[in-house]
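Numbering (this note's numbering), first residue to last: 5 to 151.
Right, here's the structure in full:
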């Protein structure tokens, strides 16, 4: 990518880097990595159903089994859509909304003090970053030519 400012051409993306970033395999690996916590979490909740129900119950969500089912569907279904790069806006949107909402349920840093507050604030901010990452997933997908 060319830089239009004199003397700053050295900041331009090197051709090899641009080639790697433009490679469909790179985009696939990125989508897999972006959804990693969700498809792993969905599989764990599916394979250890009772553990997932207990987890939902601990957060106060009732009926816990219904929330566990919804989480499994969102995590696995959303991940599948993002990885397959089909209806990506829906998969990434579902995962982003799920992350946004669950962050306010599970990482309530504003109710804590000291080290616990710092730990939960960090988790809260990490989850906000994941939400932003899903916006990028959709934007990049929209810019890719369809076959």
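Glycine included, C-beta positions come from ideal geometry on N, C-alpha and C.
As a quick exercise: from the options, pick the residue whose alpha carbon is nearest that of residue i.
i           : options          : result
residue 91  : 150, 75, 62      : 150
residue 74  : 88, 57, 11, 27   : 57
residue 108 : 17, 125, 117     : 125
residue 93  : 22, 16, 39, 139  : 139
residue 32  : 14, 116, 84, 131 : 84
residue 41  : 20, 87, 146      : 87
residue 63  : 76, 144, 106     : 106
residue 97  : 38, 117, 130     : 38
residue 76  : 66, 89, 52       : 52
residue 141 : 50, 12, 30       : 30
residue 110 : 65, 34, 117      : 65
If I measure Cβ to Cβ from residue i and keep anything under 8 Å in the same chain, skipping five residues before and after, which residues do I get?
i          : result
residue 47 : 80
For residue i, which residues from the same chain have a beta carbon less than 6 Å from its beta carbon, with the 5 sequence-adjacent residues on both sides left out?
i           : result
residue 45  : 79
residue 102 : 78
residue 69  : 57
residue 95  : 82, 85, 86
residue 60  : 68, 71, 72
residue 135 : 100, 103, 104
The alpha helix (DSSP H) spanning residue i covers which residue range?
i           : result
residue 46  : 28 to 51
residue 79  : 68 to 88
residue 19  : 19 to 25
residue 119 : 118 to 147
residue 153 : No answer is possible for residue 153: it lies beyond the span of the chain, which begins at 5 and ends at 151.
Looking only at its own chain, which residues have a Cβ that is under 7 Å from the Cβ of residue i, when we skip the five neighbours before and after it?
i           : result
residue 113 : 121, 124, 125, 128
residue 49  : 56, 72, 75, 76
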